[in-house]
Amino acid sequence: ANFLVLNGPNLNLLGTREPEIYGYTTLDDIEKTLRATTSKRGHSLEFLQSNAEHILIDTIHGARNSVDFIIINPAAFTHTSVAIRDALLGVDIPFAEVHLSNVHSRETFRHHSYFSDVAKAVICGMGVLGYEYALDFAIQEYEKSNT
Ligand code: DQA
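What the sequence shown shows, in full-length UniProt numbering, is residues 2 to 148, in sequence order.
So, in structure tokens, the structure goes:
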């Protein structure tokens, strides 16, 4: 299968950005770990971070015929973007929503997500492990429906 991992704005700063909330692991470290898992299990991975909403949307559109499952941390767009939500619904690719921090224990404006009600799964508060669990889930979902 082909998996797509998408990261929204400011996640390029992971490792130095508010480390007491987001930890010291960089996005490159996360990508390496996920690539190791996908190749070990015989799958492939596309990985992208963007600070621009339209790039995330265009990437989702481009995934339409090539990606089996999307893992997305929409970052601040979680709380604002009807457009990214609509893109995910438009291509009809199942996805998991991941947040490093527990958004529910933070400011009230982070409690609402435009993605959670249409996501296959939602993970928050597990730090970088959330990405690994989401990928493991995605692989199992794919293998369940394709064996
Ligand atoms: C985040 C939580 C969002 O509220 C925030 O805007 C982010 C990161 C997380 O991974 O915990 O940029 O998605």
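Even for Gly, the Cβ is constructed at its ideal location relative to N, Cα and C.
- Message: What ranges does the beta strand (DSSP E) occupy inside the region 4 to 74, keeping only unbroken runs of at least 3 residues that lie completely in it?
- Response: 45 to 50 and 70 to 74
- Message: Taking the alpha carbon of residue 200 as the reference point, which residue from F110, I85, T17 and L46 has its own alpha carbon closest?
- Response: Nothing about residue 200 can be reported from this structure: the residues present for the chain run from 2 to 148 only.
- From the DSSP output, which residues share a beta bridge with I124? In the sequence shown, residue 124 corresponds to position 123, counting from 1. V99, per the DSSP bridge assignment.
- Message: For V92 and A37, what's the separation of their Cα atoms in angstroms?
- Response: Stepping through the sequence shown from its first residue, residue 92 is reached at position 91. Stepping through the sequence shown from its first residue, residue 37 is reached at position 36. Their backbone Cα atoms lie some 27 Å apart in a straight line.
- Task: Taking 8 Å as the cut-off, decide whether the C-beta atoms of A122 and A88 are in contact.
- Result: Here residue 122 is taken as the residue at index 121 of the sequence shown, counted from 1. Here residue 88 is taken as the residue at index 87 of the sequence shown, counted from 1. No, the pair does not count as a contact, with Cβ atoms beyond the cut-off.
- Message: Could you check whether the region 2 to 16 touches the region 74 to 82, counting it as contact only if at least three pairs of C-beta atoms, one from each stretch, sit closer than 8 Å?
- Response: yes
- Task: Report the residue from Q141, E142, F116 and E19 whose alpha carbon sits nearest the alpha carbon of F78.
- Result: Indexing the sequence shown from 1 puts residue 78 at position 77. Measuring from the Cα of F78, the nearest candidate turns out to be F116.
- Is the beta carbon of H113 sitting closer than 8 Å to the one on H105? As a working note, residue 113 is residue 112 in the sequence shown. As a working note, residue 105 is residue 104 in the sequence shown. It is not a contact, given that the beta carbons lie outside the stated cut-off.
- Which residue's Cα is closest to the Cα of I22: G128, Q141, E54 and A2? One-based indexing of the sequence shown puts residue 22 at position 21. That would be G128, whose Cα lies nearest to the Cα of I22.
- Query: Exposed or buried, what is L69 when buried is set at 16 or more other beta-carbons lying within 10 Å of its beta-carbon?
  - Reply: For the purposes of this step, residue 69 is identified with residue 68 of the sequence shown, where counting begins at 1. What sits at residue 69 in the sequence shown is Asp, not Leu. So D69 ends up on the buried side.
- Query: In terms of alpha-carbon separation, which member of N3, T109, S102 and S146 lies closest to H44?
  - Reply: Start at 1 with the first residue of the sequence shown, and residue 44 comes out as number 43. The shortest Cα separation from H44 among N3, T109, S102 and S146 belongs to N3.
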